[in-house]
Amino acid sequence: MDSGLYIVATPIGNLGDLSPRALDVLRAADLIAAEDTRHSARLLQHFGVTTATVAYHEHSDERARERILEVLRGGGVVALVSDAGTPLISDPGYPLIRAAQAESIPVRPIPGPCAAIAALSAGGLPTDRFQFEGFLPAKAGARRGRLEALATQPATLVFYEAPHRVLETLAAMAETFGAQREAVLAREITKTFETVRRDSLGELHAWVAADSNQQRGEIVLLVAGCPPREQALDEATGALLKRLAEELPAKRAAAVVADITGLRKKLLYDFLLEEKQR
Numbered sequence: 001m002d003s004g005l006y007i008v009a010t011p012i013g014n015l016g017d018l019s020p021r022a023l024d025v026l027r028a029a030d031l032i033a034a035e036d037t038r039h040s041a042r043l044l045q046h047f048g049v050t051t052a053t054v055a056y057h058e059h060s061d062e063r064a065r066e067r068i069l070e071v072l073r074g075g076g077v078v079a080l081v082s083d084a085g086t087p088l089i090s091d092p093g094y095p096l097i098r099a100a101q102a103e104s105i106p107v108r109p110i111p112g113p114c115a116a117i118a119a120l121s122a123g124g125l126p127t128d129r130f131q132f133e134g135f136l137p138a139k140a141g142a143r144r145g146r147l148e149a150l151a152t153q154p155a156t157l158v159f160y161e162a163p164h165r166v167l168e169t170l171a172a173m174a175e176t177f178g179a180q181r182e183a184v185l186a187r188e189i190t191k192t193f194e195t196v197r198r199d200s201l202g203e204l205h206a207w208v209a210a211d212s213n214q215q216r217g218e219i220v221l222l223v224a225g226c227p228p229r230e231q232a233l234d235e236a237t238g239a240l241l242k243r244l245a246e247e248l249p250a251k252r253a254a255a256v257v258a259d260i261t262g263l264r265k266k267l268l269y270d271f272l273l274e275e276k277q278r
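Anchor point for the sequence shown: position 173 equals 173 in UniProt numbering, and the numbering is continuous, going up by one each time.
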């Protein structure tokens, strides 16, 4: 196996989701850098992987990173794994990636499970554009402020949330985005009690409040993007448009007013056509 730092995705629940290639890397590696060695030990024992492990997480000091780099500098293979899913998606690790890149050490991704992508694939919300937000702030005020900053985003929003905070987060979302905004709760993905439910934020909050089982496990929340606001002509804009149309072709008049007001040119042009037919 070629030397380098391998970023290995591991199952988020069902152990059958570990890819053959990922298993080959874990077995062949000289060292596995794990977010929590005790957590990863269960996965490694299940597959009979005996590779040495070292803890590497957000609180690791320079010595832990240096130990990993020493193996890589010697032409070895190191596999980086998180507790579950794809490393570096709401997980620590990027300083190690940057350190390896700075020394021209190859960094090789081994794709696989990711809770955010799995939720998007099954959630039923638009996926042509999405914005990953990870975990919201734990404190209510900071959480509300972040949600307010996201309220007009047109892309589907993706959040991870702790089970003990999911109810208050849904309440804050309903208050900030509106209770009718469509959303998805995806819980325990690939596990025995997997749940994917799409509804309005208000209804989701009521459902989770009524069923304590939905306040357990690993949770992904998806929220539909802000719908485009309906544009309308006020009386003054309509009067201006009609006056300009007396001097200019309708398309040109619509373009001028669009530049002034920010309204869509088609909306203005259609208004003139309707006026002409009256």
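The beta-carbon is built from N, C-alpha and C at its ideal position, and this holds for glycine as well.
The Cβ atoms of T156 and F130 sit closer than 7 Å to each other.
If you draw a straight line from the Cα of A102 to the Cα of P95, it is about 10 Å long. Bridge pairing for R197: L185 [DSSP]. In its chain, beyond the 5 residues on either side, A174, A179, Q180 have a beta carbon closer than 8 Å to the beta carbon of G202. In the displayed model, F271 falls within a helix according to three-state DSSP. When rounded, the separation of the alpha-carbon atoms in L120 and F132 is 11 Å.
Straight-line measurement puts the Cα of A258 at about 23 Å from the Cα of Q153. With a minimum length of 3 residues, the unbroken runs of beta strand (DSSP E) contained wholly in the region 115 to 199 fall at 130 to 135, 156 to 161, 182 to 187.
Contiguous beta strand (DSSP E) elements confined to the region 207 to 259 occur at 219 to 223, taking only those with 3 or more residues.
Spatial neighbours of A209 in its own chain (CB-CB distance under 7 Å, excluding positions within 5 residues in sequence) are listed in chain order as L167. A straight-line Cα-Cα distance of about 8 Å links A22 and T10. Assigned with DSSP and collapsed to three states, T261 falls in helix. At the C-beta level, D30 and V71 come within 7 Å of one another. In this structure, DSSP gives G75 a state outside helix and strand, which the three-state scheme calls coil. When beta bridges are read from the DSSP output, G4 appears opposite V77.
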